[in-house]
Amino acid sequence: MTKKIAILGASGYTGAELVRLISTHPDMEITALTGERKAGLPMAQVFPFLRHLDLPDLCRIEDVDFAGIDLAFCALPHATSQAVIKDLPRDLKIVDLSADFRLRDPAAYEQWYGKPHAAPELQREAVYGLTEFYREQIRAARLVAGTGCNAATGQYILRPLIEAGVIDLDRIILDLKCGVSGAGRALKENLLHAELSEGTQAYAVGGTHRHLGEFDQEFSALAGRPVHIQFTPHLVPLNRGILATAWLDGEAARLHEVLQARYCAESMICVLPFGTTPSTHDVRGSNFVHIGVVGDRVPGRALVVAALDNLCKGSSGQAIQNANLMLGLDEAAGLMGAPLFP
């Protein structure tokens with residue numbers, strides 16, 4: 000039976016990506032699209048690349064009739080999501096793409112986001128949406144919190160290695176390059192073409208990036224003790240894509256063996272042959288993750304490199320993967336399309 004879907008916040012990049020992916024999903028039908036500032040407009044006017052689709056016009060959230068809707072994707076800004084979701088019907092399944100429900104500890108949320116959480120009871124209910132590691136909890140969940148795109152990339156590298164105890168937990172350095180769509184669709188001066196193109200810059204340096212809250216939460220729980228990695232993201236003039244490089248103390252061949260064993264049964268994660276590294280070109284527009292391991296010239300050190308598409312596997316594709324599980328559908332439905340190249 001086809002599942003009825005609402006997308007709240009469909010006028011942003013992640014909302015548009017959800018529409019793009021669901022348009023070829025065999026078991027989902029979009030029945031409501033919201034966009035507060037774009038209410039009343041057809042999606043074809045907001046996103047001309049979607050004009051071939053028969054879609055409902057954008058409306059306000061309060062105008063959506065949730066009766067008969069099986070699941071809502073919430074692609075709203077941080078802080079807005081928690082205020083909206085707490086007033087939605089309790090029997091509605093929800094996948095939230097914002098940061099509002101990623102951190103389980105209300106104090107940690109306040110630390111990283113600068114204000115108390117407005118729906119702490121939902122914060123406790125939410126399941127963290129890193130699909131390959133929370134699959135069974137997601138299957139039974141009503142509310143799933145999508146991960147940060149940077150946080151997902153780093154975790155695909157590091158979680159199996161931390162769990163297997165094959166790296167020095169006090170010497171983890173993660174360098175990450177992210178495409179500009181990760182900053183959202185709102186107009187920002189530093190994201191203008193003239194100011195962004197032909198340049199690269201580090202941002203949120205010195206341990207201030209909010210995704211560190213996710214790293215702290217997830218890695219410390221895995222290790223059974225505090226784990227605080229060094230993490231620096233860089234904004235690069237790409238529309239979409241993330242490339243993350245981790246510098247680690249550990250035997251490279253062993254790290255490759257652990258990652259290969261952990262992901263060999265995962266249809267969307269590919270561990271490359273030893274000594275091979277991925278490019279963002281390899282995964283653009285897809286729900287795949289490519290991971291490569293290379294030995295360093297210094298014995299006992301290794302580099303692990305991962306690439307994913309921040310809008311797809313890092314956000315909207317991951318959200319659909321989780322929704323498939325929540326709705327009892329094939330987990331890969333609508334998500335096995337080949338990457339875009341060149």
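Residue numbers (numbering that gives the first Met the number 0): 0 to 341.
Beta carbons: idealized from backbone N, C-alpha and C, even for Gly.
This structure is a prediction, so every number in the text was calculated from the model and none was measured.
- Comparing alpha-carbon positions, the option among R19, T130, A201, G223 lying closest to E162 turns out to be G223.
- Boundaries of the beta strand (DSSP E) harbouring I29: 27-33, taken from the DSSP string.
- Residues of the same chain with a CB within less than 6 Å of the CB of P236, apart from the 5 flanking positions on each side, are L195, S196 in chain order.
- Note on the region 171-236: whole beta strand (DSSP E) runs with a minimum of 3 residues are 172-178, 229-235, in chain order.
- Put simply, of E188, D215, Y155, P76 the residue whose alpha carbon is nearest the alpha carbon of Q259 is Y155.
- Within the model, the alpha-carbon separation for M0 versus L17 is close to 20 Å.
- Using a C-beta cut-off of 8 Å, the region 15-32 makes contact with the region 307-323, since at least three inter-stretch Cβ pairs fall below that distance.
- For L326, the three-state secondary structure derived from DSSP is coil.
- Taking all protein chains in view, the Cβ of Q81 is crowded by 16 or more other Cβ atoms within 10 Å, so the residue is classified as buried.
- If you ignore the 5 residues before and after P115, its C-beta comes within less than 6 Å of the C-beta of E109, all in its own chain and listed in chain order.
- Listed in chain order, the alpha helix (DSSP H) runs fully inside the region 81-145 are 105-112, 119-124, 134-138, counting runs of at least 4 residues.
- According to the DSSP secondary-structure assignment, F340 is paired through a beta bridge with no residue.
- Three or more Cβ pairs closer than 8 Å define a contact, and the region 256-272 falls short of that threshold against the region 212-229.
- For G14, the three-state secondary structure derived from DSSP is helix.
- Following the DSSP letters along the chain, one finds I268 inside the beta strand (DSSP E) bounded by residues 268-270.
- A residue is called buried when at least 16 other Cβ atoms come within 10 angstroms of its Cβ; K187 does not meet this threshold and is exposed.
- If you draw a straight line from the Cα of H255 to the Cα of T276, it is about 12 Å long.
- The residue among L121, C148, R123 with its C-alpha nearest the C-alpha of T130 is C148.
- Segment contact: the region 307-320 against the region 283-298, three or more CB-CB distances shorter than 8 Å; contact assigned.
- When the Cα atoms are used, Y12 and L339 turn out to be separated by approximately 17 Å.
- Taking 8 Å as the cut-off, the beta carbon of G128 is found no closer than this to the beta carbon of A74.
- A direct Cα-Cα distance of roughly 14 Å separates F214 from A243.
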